[in-house]
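For reference, the structure is listed below as structure tokens.
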Amino acid sequence: MNLHDYKDLIGYAAAVLTTVAFVPQVLHTWRTRSVDDVSFGMYLAFTTGIGLWLIYGILEHSWPLILANTPTFALALSILAMKVRYGGRRANPS
1 MNLHDYKDLI
11 GYAAAVLTTV
21 AFVPQVLHTW
31 RTRSVDDVSF
41 GMYLAFTTGI
51 GLWLIYGILE
61 HSWPLILANT
71 PTFALALSIL
81 AMKVRYGGRR
91 ANPS
């Protein structure tokens, strides 16, 4: 077997790792309700990008992309929602 034969396996492994990487941040943010250090702009751009990858995966019928980006999109969106709900702006020092 050559590397091309393993492309879906590589995609699924990448999907698991990149999705699982978000779980600790989501749990931490949810438990502490602290979003001070979360960049709204970064998460907005990232979540939009993940959403676009999900749409692309659906259009291409690519299960690794669909399975990776569906939960990652939900996790990133939850961070954005917590950022909006819990604020996250620090007071400016006087």
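Per the working numbering, residue 1 is the first one in the sequence shown, and the count goes up by one each step.
Note that beta-carbon positions come from the ideal geometry of N, C-alpha and C, so glycine has one too.
Residue i (DSSP reduced to helix, strand or coil)
i	result
F46	helix
A51	Note on identity: in this sequence residue 51 is Gly, with Ala being the wrong assignment. Reduced to three states, the DSSP call for G51 is helix.
N69	helix
H61	coil
Length of the line joining the Cα atoms of residue i and residue j
i	j	result
A13	L65	11 Å
R33	V84	11 Å
D37	L52	25 Å
G11	Y86	35 Å
Identity of the residue in the options nearest residue i by Cα
i	options	result
T47	S78, Y6, M1, D8	S78
L75	Y86, V26, S34, G51	V26
F22	K7, G57, Y6, Y43	Y43
W63	L17, P24, L9	L9
G57	L3, A15, H4	A15
P71	T18, G11, T29	T18
M82	A45, T29, L59, L67	T29
Supposed contact pair residue j and residue i - C-beta distance, whole angstroms, cut 8 Å
i	j	result
L54	N69	4 Å
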